[in-house]
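In the numbering used here, the protein residues as written are 2 to 338. These notes concern the structure reproduced below.
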Amino acid sequence: MPKPAEGGLHGLTVTEDCPGLFCGGTIDNRPRHSKRPQPARDLRPTGPQRLFVHVGRWATTSGLYEIREGMQVSGETVLVAKSGGVTRLTLNRPDKLNAFTTGMHAELRAALEAAGSDGQCRAVVLTGAGRAFCAGQDLAETRPAGDGVVPDGGSRLEQWYNPLVRLITTLEKPVIAAVNGIAAGAGANVALACDLVFAARSASFLQAFTRIGLVPDASGTWTLPRLVGPARARGLTMLAEPLPAEKAEAWGLIWKVVDDDKLEAEVAAVAGKLALAPTYALGLTKRAIAQSSTNTLAQQLDLERDLQRLAGASPDAAEGIRAFLEKRPPKFTGRSA
Ligand code: T3D
């Protein structure tokens, strides 16, 4: 029985194959009952629960519960749906274009950490509810105080945005952004931190920061010059004009533009394909590409050697090679050993 993790989500709700039938209420941050978990049992959607933890098993004040395939675990501002090895996270503040509040950060972080340690999860999709992907920081939370001073944005970056970007970029499974509408400010840069970015044809990317006297963050000043070059990075950030999805694709900023009504299905198909891929090798690939930005060629060659040793020792490498030689499709487990 896994030990419940410390900390948890706020406002989490759980449904069993039945969106709308919430049994959850408030999530308690304190691991009060973590010392004596009751035996795991199926979650029954009956009445308020207080939940903390993740990784397939959830501790509540009335016991440990198992989140099984097909169940949905939803916070107030981040919806989580697990199916077929794919964890789909939906930013869910559509009235405010899914702008980040502290609560949404907390839920998203916990959901991503849960996806990272969930052996069933082999791909993550991040998208937004309603007409936007995410409008960046909720500016109502950064309203200047009575003395006219804007609350310290650096602290918010330190506490929330920077760990979020680190989490996405170091998660050793593929993270897909399904940009369903405008992605502005940190919302754009969080999307661009994902491994594969699909965007609806009507979507756009807006480095909104300088419009409000701020500098680009959430890794934008690192990602943009690398993806589109410094000239375009300067244009995007200084002029702060929306970049239509088709141009973003043409510039190499994102992977693919998809017709609006096909985005969900196309991303689901790609995520489903990735969920059957050799996850361990994908994670190592992600690590190698991330490290290439600071490595010399000599260092990168050494890294490839080391990672190839790791990948080659995995059951998926044995299966992949065997399947090729036997002229049949491989059946990957995603595991490292
Ligand atoms: O201090 C720190 O925390 C540092 C960290 C900074 C990170 C950042 O992300 S800074 C950048 C913050 N984001 C922005 O500056 C973008 C602000 N939003 C916009 O410029 C526009 O909303 C859009 C261009 C994205 C979309 O425009 P439009 O016309 O399609 O929609 P809208 O009418 O402006 O917005 C619809 C609603 O969402 C509206 O609410 P209302 O009036 O209907 O109740 C609007 O206020 C709200 N909304 C949109 N973006 C935000 C927001 N509310 C709070 N914060 C937002 N960022």
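For glycine and all other residues, C-beta sits at the position ideal for the given N, C-alpha and C. All of these numbers come straight from a predicted model, not from anything done at the bench.
The beta carbon of Y162 sits closer than 7 angstroms to the beta carbons of A187, D218, A219 from its chain, once the five residues preceding and following it are set aside; these are given in chain order.
L140 carries a helical assignment under DSSP once its states are collapsed to helix, strand and coil. Annotation for P279: D317, F333 place their beta carbon closer than 6 angstroms to its own, counting only its chain and skipping 5 residues before and after.
Assignment of P245 by DSSP, reduced to helix, strand and coil, places it in the strand class.
Listed in chain order, the beta strand (DSSP E) elements of length 3 or more contained wholly in the stretch 133-181 are 133-135, 176-180.
Here the C-alpha atom of S315 lies approximately 14 angstroms from the C-alpha atom of A324. The Cβ neighbour count for V166, taken over all protein chains shown within 10 Å, is at least 16; the residue is labelled buried. Beta bridge pairing from DSSP links S84 with V87. Residue pairing by DSSP puts K257 in a beta bridge opposite F199.
For S293, the enclosing alpha helix (DSSP H) covers residues 280-293. For the set L98, T88, G155, the Cα lying nearest the Cα of G131 is the one of L98. Annotated three-state conformation of V229 is helix, per DSSP. Contact between A185 and L207 holds: CB atoms are separated by about 4 angstroms, below the 8 angstroms threshold.
With three or more CB-CB distances shorter than 8 angstroms, the stretch 237-249 counts as touching the stretch 190-207.
Shortest gap from the CB of T143 to any heavy atom of the ligand T3D: under 7 angstroms. Within a 10 Å sphere around the beta-carbon of K83 sit 16 or more other beta-carbons, which makes this residue buried. At a cut-off of 7 angstroms, the beta-carbon of Q309 does not count as near the ligand T3D: no heavy atom of the ligand is closer than that. Between S294 and R212, the C-beta spacing is not below 8 angstroms. At least one heavy atom of the ligand T3D lies less than 7 angstroms from the C-beta of G154. Residues W161 of the same chain have their beta carbon placed closer than 6 angstroms to that of H106, with the five preceding and five following residues left out of the count.
Around the beta carbon of D119, 16 or more other beta carbons sit within 10 angstroms, so the residue counts as buried.
Judged by DSSP in its simplified three-state form, T238 adopts helix.
When T224, L113, E247, K328 are compared, the shortest CA-CA separation from P175 is found for L113.
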